[in-house]
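Chains as they are written, first to last, in this note's numbering: chain H, 485 to 658; chain X, 5 to 492.
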Amino acid sequence: MQAYVLAVSLLLMTVVAGAFWWAVRHSTWVVRHGADVQLHSSGHVESYRTGLFWALVVLGVAVAVATLRPWPYDASASEDSVIVTAMGGQWSWEIAPQQVPVGRPIVFKVTSSDVNHGFGVYEPDGTMLFQTQAMPGYVNQVRYTFTKPGKYRVLCMEYCGLVHHDMVEEIEVR
Amino acid sequence: MANASVLVDRPTLAGTEPALRTVKLSMGLSGLVLVLLMLLGFCMRLAQGGLMSVEPALFYEIMTAHGAGMVGIAALTGAGIMWFFLARYVQLTAAVYWVMLSLFLLGVVLILGAIFVGRFAGAWTFLYPLPAHSGGVWEPGAAAVFLAGLISIGVAFLLFYLETGRAIIARYGNLSRALAWPLLFRGSQDDVPPPAVVASAAVIVFNGIGIVVGAAVLAISLINLYAPSLAIDPLVAKNMIYFFGHVFINATIYMAVIAVYEIIPEYTGRPWKTSRTFAAAWSAILLMVLAVYPHHLLQDMVMPGWALVIGQVISYAAGLPVVVVTAFSLLVYLTRSGMRWDLASALLVTGVFGWTAGVIPAIVDAVIVVNKVMHNTLWVPGHFHFYLLIGEMAMAFGFMAWLTRAKVPEALSGTSYWGVLAYLIGGTGVAVMFLIGGAMSVPRRWAVHLPEWFIQDQVGALFALISIIGAMVLLGRYLARLAAAVRA
């Protein structure tokens, strides 16, 4: 997903850059036909603006519907779920159990004993799969089904003090 | 030519001139601090890329100073722009700007002392209860001094908003008129405020609220350092901190864009007027800036689901006024205007580009399914470096260039040309390398990086160096011209 997100973002940013470039390229021209000093209030410009607005609204609604269904926070446990508890503390993780089965929904219940931490689970190739915050006094719940066996790393994703970068643990999926 | 009146300064109201001189001084100070903080950022990228040895303790101190300092100068430059142009329309009390600047500098001294003497390294976000849990690294006193420094800066800006709010109300009667609501809701053309006033009124309302909430959570955090039994719910504290932080940093850009509204018309000959669309956009901005902060808590599943959906949806909606009103209007005003390009106009237009382009990765990150894999990776500094470095600070540099423009028109050439080009290329490179780092799943705020992450750190450091050179050229030109004006 990350590469796709990057590509789409850079593409859209390039479109913005292109629009600015076009306007800059045409900025030094002076229109000699008609008084268009009030160009900004002309009907054409306002209809373009209205069109852009509604196009962006429609795009936004489509993106919202597409990304919020199914509900992205569904972490309910089913009969075949495995429950894993994870407790963050300066500066280590306590995860139990650390070995989980492939192909079954794993429900992670994540909390902290001191400050805010971030529970980020990485694939063996170093790509992040999902994350949630580990917060004192609360249990955040997230569900994930591993499809490949291997050693997955847990990295701290919320700055938690001087050994933040060393707060790494492993989960074995088999 | 449409831009025949480029160099004619518009009058400011009587009694405001001393404060305007202070604005020029504060912009220069901000520029100096910016370059120093950019150098700190450069060091961090070198350290992450394995090209420089920096102890993690020092790295996190530098990170805390870099974050707090950059937010501070973004706010100071934005406030300088807002004050300068507001003085064209309302009667401001010059002494308040001095008091604001003094409290700001006091805050800076306290923060620097807390970090580099007290070894505080809790990040500028002071995420509760981290200041009280240093793991034996810093004492509560250091955290207290840091929080006191932030409170001092918060009070400085609160005074600033109270004074600008007072002056606007004295002129327009109430804030709703300053927000152009009579025009928006009734179509009244009577005494329509200019864009600078509309934008200022919106910022005063939302950032005033933001600062009050920030002051509350800072006070609670301060008390908690010495009385741990007086604790606050960590989720409530997190909401308050991100509400304050989000509103405060957004306000910096919404203040800086006033320079675009006020200066660009001098180059295009097309006035930037308050229309119903403009008024609607700024009222929407006011509400959305206040409502959008839950996008910082999308990985806190214990938050109410509706709040998280608001975080995603409003993040997208908040981009609409930027794209459809400010950016779109600017492009229309530019097109076929007979625009004359100089350093000031180039930087101001660059600033709007940086802002518009920078909101794209921000909006993308606020989509919950994306946030699940991008939150707290380098994607986050990627988007905010884009809209702060290429957006807000470009606008600030544009304003500085305009303040020190020559009496005869100057083309964008020579050192200025290469300076702005280096700043633009370097800044864009810095931000894009962060975005690539985010796509590589590199976590943010890590002092030590894995070797497989080095390449984006190293290329990012190279771009950082280029952007620093550009910033030094722009700052050097400003300071040299300011000094020459003082001597004259």
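The beta-carbon is built from N, C-alpha and C at its ideal position, and this holds for glycine as well. All figures in this text were calculated on a predicted structure; none of them were measured in a lab.
For Lys376 of chain X, the enclosing alpha helix (DSSP H) has its first and last residue at Ile372 to Met378. Rounded to whole angstroms, the separation of the alpha carbons of Leu187 of chain X and Met48 of chain X is 49 Å. Under a criterion of Cβ atoms nearer than 9 Å, no residue of chain X is adjacent to Gln583 of chain H; the nearest Cβ is some 23 Å distant. Membership of Phe614 of chain H in the beta strand (DSSP E) is indicated by the continuous run Met612 to Ala618. Interface flag for Ser287 of chain X against chain H is unset, since no Cβ pair is found closer than 8 Å. Among the residues of the stretch 401-423 of chain X, none has a Cβ less than 9 Å away from any Cβ of chain H.
Taking 7 Å as the Cβ-Cβ cut-off, the stretch 501-513 of chain H approaches chain X at Ala501, Ala503, Phe504, Ala507, Val508, His510, Ser511, Thr512 and Trp513, given in chain order. Short of 8 Å from the beta carbon of Tyr165 of chain X, and not among the five residues preceding or following it, lie these beta carbons of its own chain, in chain order: Val207, Ile208, Asn211, Gly212 and Ile215. Within the stretch 228-277 of chain X, the runs of alpha helix (DSSP H) at least 4 residues long that lie entirely inside it are, in chain order, 238-272. In this structure the stretch 246-256 of chain X lies against the stretch 74-81 of chain X, because at least three pairs of beta carbons, one per stretch, are closer than 8 Å.
For Asn211 of chain X, the three-state secondary structure derived from DSSP is helix. Residues of chain X whose Cβ lies closer than 8 Å to the Cβ of Ser493 of chain H are, in chain order, Ile364, Pro365, Val368 and Leu439.
Rounded to whole angstroms, Trp128 of chain X and Ala69 of chain X show a C-alpha spacing of 7 Å. Only Val623, Asn624, Gln625, Val626, Leu639, Cys640, Met641, Glu642 and Tyr643 from the stretch 623-643 of chain H bring a Cβ to less than 8 Å from some Cβ of chain X. Where Glu65 of chain X is concerned, the enclosing alpha helix (DSSP H) starts and stops at Pro60 to Leu90. In chain order, Gln303 and Met305 make up the part of chain X whose C-beta sits under 7 Å from the C-beta of Thr616 of chain H. Taking a C-beta distance under 8 Å as the contact criterion, Ala348 of chain X and Arg409 of chain X qualify as a contact pair. Nearest in C-alpha terms to Val103 of chain X, of all of X:Val159, X:Met86, X:Tyr93 and X:Val121, is X:Val159. Against chain X, the beta carbon of Val586 of chain H has no neighbour under 7 Å; the closest one sits roughly 20 Å away. Counting every other CB atom within 10 Å of its CB across the protein chains shown gives Val264 of chain X a total of 16 or more, marking it as buried. Residue contact check for Asp558 of chain H against chain X: no CB pair falls below 8 Å. Contacts between Val373 of chain X and chain H, judged by CB atoms closer than 7 Å, involve Thr551 and Pro556 in chain order.
The beta-carbon of Pro620 of chain H is placed less than 8 Å from the nearest beta-carbon of chain X.
By the neighbour-count criterion, in which a residue is buried when 16 or more other Cβ atoms sit within 10 angstroms of its Cβ, Gly140 of chain X is exposed. For Ile227 of chain X and Val545 of chain H, the gap between their C-alpha atoms comes out near 44 Å. The C-beta of His137 of chain X comes closer than 8 Å to at least one C-beta of chain H. Gln574 of chain H carries a coil assignment under DSSP once its states are collapsed to helix, strand and coil. In the DSSP annotation of this structure, the continuous segment of the alpha helix (DSSP H) that includes Gln462 of chain X starts and ends at Phe458 to Arg491.
Taken through DSSP and simplified to helix, strand or coil, Lys635 of chain H comes out as strand. Taking a 10 Å sphere around the C-beta of His528 of chain H, we find fewer than 16 other C-beta atoms and assign the residue as exposed. Rounded to whole angstroms, Ala570 of chain H and Lys593 of chain H show a C-alpha spacing of 6 Å.
Residues of the stretch 326-344 of chain X with a C-beta atom less than 9 Å from some C-beta of chain H are Val327, Val328, Val329, Ala331, Phe332, Ser333, Leu334, Leu335, Val336, Tyr337, Leu338, Thr339, Arg340, Ser341, Gly342, Met343 and Arg344, listed in chain order. Put simply, the backbone Cα of Val121 of chain X is about 39 Å away from that of Leu90 of chain X.
With contacts defined by Cβ atoms closer than 8 Å, Gly111 of chain X and Leu154 of chain X form a contacting pair. Contact check for Tyr391 of chain X against Gly431 of chain X fails: the beta carbons are separated by 8 Å or more. Per DSSP, reduced to three states, the secondary structure at Gly140 of chain X is coil, with no helix or strand assignment.
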